[in-house]
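Visitor: The following block contains the structure, expressed as structure tokens.
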Amino acid sequence: MVHSLDDVDRGILHLLQENARGATAGDMADMVGTSASTVRNRIEYLEQGVIRGYHPEIDYEEAGFELHLFIVCRAPVVKRAELAQEALEFPGVINVREMTTGTHNVHIESVAVDSEMADETLTGIENLGLEIVSSQVIKEYHVQPFDHFGQDLFED
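For the record, in the sequence shown the residue sitting at position 113 is 113 according to our numbering, with numbers rising by one throughout.
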């Protein structure tokens, strides 16, 4: 089911993307021009399909994982979903994306405490039947809220 979002919904989504943990219903209500109870009701509605979870942004290096890898793979289309799901089982793999176009159709993000752990992950991925096209070490990871969710509705 596709949810129809109005300006209040988009404003709430933008604010949650900026700081889900620190955003109170009252603060968000002031920003989007409605009441705190409306914000709470809207969040409850959005959690029924639009909002799929609240996730911390982790500094993996600070947590002891020196290497942050981006691995591009090729998988047979008929096995892509199965292989992507199996890749999630490896220690250090934090997300897997399936691409619908192109031959580089599985992208894996992984962390490792050292090069030995990284090599074990790469070997395990290859043993699944995924062909590794390239792997790079991520230096920095930048994230921002999606602009079309209401940033223009209020002043920060």
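For glycine and all other residues, C-beta sits at the position ideal for the given N, C-alpha and C.
When the Cα atoms are used, what is the spatial distance from Q85 to G33?
Guide: For this step, residue 85 is matched to residue 85 along the sequence shown. For this step, residue 33 is matched to residue 33 along the sequence shown. Straight-line Cα distance between these residues: approximately 42 Å.
Visitor: Within the same chain, show all residues whose beta-carbon is closer than 6 Å to that of R97, passing over the 5 residues directly before and after it, in chain order.
Guide: Counting from one through the sequence shown, the residue named residue 97 turns up at place 97. H107.
Visitor: Buried or exposed: which applies to V111, given that a residue is buried once 16 or more other Cβ atoms fall within 10 Å of its Cβ?
Guide: On the sequence shown, residue 111 is found 111 positions in, with the first residue counted as 1. V111 comes out buried.
Visitor: Tell me whether N95 sits in a helix, a strand or coil according to DSSP, three-state version.
Guide: Counting from one through the sequence shown, the residue named residue 95 turns up at place 95. Looking at N95 - three-state DSSP - the assignment turns out to be strand.
Visitor: Under the criterion of a Cβ to heavy atom distance below 8 Å, does I108 qualify as lining the ligand ATP?
Guide: Judged by which ligands are present, the structure shown has none, so any question about the ligand ATP falls away.
Visitor: Between which residues of its own chain and S135 is the CB-CB distance below 6 Å, once the five residues before and five after are set aside?
Guide: To locate residue 135, count along the sequence shown from 1; it is residue 135. So the list reads L69, I71, once near-sequence residues are dropped.
Visitor: Which residues does DSSP list as the beta-bridge partners of S110?
Guide: As a position in the sequence shown, residue 110 is number 110, starting the count at 1. In the DSSP output, where bridge partners are listed per residue, S110 has L69, V93.
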